[in-house]
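Please read the structure below before turning to the comments.
In UniProt numbering, the protein residues as written are 1 to 278.
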């Protein structure tokens, strides 16, 4: 099995933007087992954290063209945080991205690809290791895994092709945006951190039914776009709950995301932002 098949990546968490830049400086470069790996481009990502973002044009979308309902307070915190970019000389403009798909169309494409990926992983382990996790260890696997393997096994090539067309259109739309803008900013989550009584997010947002299991965070559609993304602490709600800001850059422009993220961090440092301990 490949080290990094599409839509299935491993990464790291960091405490600061520079910490993430150090990580990428170390990790950057090709891997012989990864057919999707890129050659080392020689970019110094730590140095990129000191670059100016003056003159950059940043597109802002609060809800990805209405795909996601957003809590008002979350939107207000995010939009207030965007002033950090303007204070550094960047231009921020709210935009209509031009997304053609409905939430359900993107969600179905995402989940069906995930099902095929899970079924493929099972087959890969069977071929490489001689272990059929699905057939021989069914009772030991969670329902969330067995259901996806079953769905992936039943998926036809035509169905997968139809979903691929949706993914391609979304991919092209996002990258067309970057022909005019240098970066895209969105909320990370549509809501403040949910109560622990919900294992997969709240059932409603703004008193309306949530659009799908992942209809409360705006990060998963960018699994389709191969873009460098960062999630930054934007601020706190009145209840001292954290709100996130997502920054998306064009492909192969990770250094631009680092520059914007580091500039934001300098204006809005977050290392002191710890909620009160109970």
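Glycine included, each C-beta is placed from N, C-alpha and C at the ideal position.
Residue ranges of uninterrupted alpha helix (DSSP H) with 4 or more members, entirely inside the region 152-181 and ordered along the chain, are 157-177.
Taking residue 113 as reference, the option from 97, 223, 179 and 228 with the minimal CA-CA separation is 223. Residue 64 is a Cβ neighbour of residue 186, given a cutoff of 8 Å. Closest in C-alpha terms to residue 92, from the list 155, 239, 62 and 43, comes 62.
Around the beta carbon of residue 139, fewer than 16 other beta carbons sit within 10 angstroms, so the residue counts as exposed. When the Cα atoms are used, residue 191 and residue 164 turn out to be separated by approximately 29 Å. With respect to the C-alpha of residue 225, the residue from 195, 272 and 99 having the closest C-alpha is 99. Remark: C-beta atoms of residue 188 and residue 263 do not approach each other more closely than 8 Å. Excluding five sequence positions before and after residue 237, the CB atoms of its chain that fall closer than 8 Å to its own CB belong to 73, 74, 77, 192 and 243, given in chain order. Classified as exposed, residue 124 has fewer than 16 neighbouring CB atoms from the shown chains inside 10 Å of its CB. Boundaries of the beta strand (DSSP E) harbouring residue 231: 229-236, taken from the DSSP string.
Between residue 258 and residue 84, the C-beta spacing is not below 8 Å. Counting other Cβ atoms within 10 Å of its Cβ, residue 206 stays below 16 and is therefore classed as exposed.
Sorting 57, 71, 105 and 67 by C-alpha distance to the C-alpha of residue 88 places 57 at the top. In the displayed model, residue 214 falls within coil according to three-state DSSP, outside both helix and strand.
Secondary structure of residue 54 (DSSP, three-state): coil. For a cut-off of 8 Å, the C-beta gap from residue 30 to residue 208 is around 46 Å, too long to register as a contact. Spatial neighbours of residue 171 in its own chain (CB-CB distance under 7 Å, excluding positions within 5 residues in sequence) are listed in chain order as 224 and 225. In the DSSP assignment, residue 75 falls within the alpha helix (DSSP H) that extends over 72-81. Contact between residue 183 and residue 119 does not hold, since the beta-carbon distance rounds to 36 Å and is not under 8 Å.
When the alpha-carbon of residue 95 is set against those of 173, 221, 252 and 216, the nearest one is in 173. If you draw a straight line from the Cα of residue 49 to the Cα of residue 235, it is about 21 Å long. Taken atom to atom, the span from the alpha-carbon of residue 110 to that of residue 166 is near 10 Å. Residue 232 and residue 17 have their C-alpha atoms some 9 Å from each other. The secondary-structure analysis by DSSP pairs residue 184 across a beta bridge with 59 and 248. Assigned with DSSP and collapsed to three states, residue 26 falls in helix.
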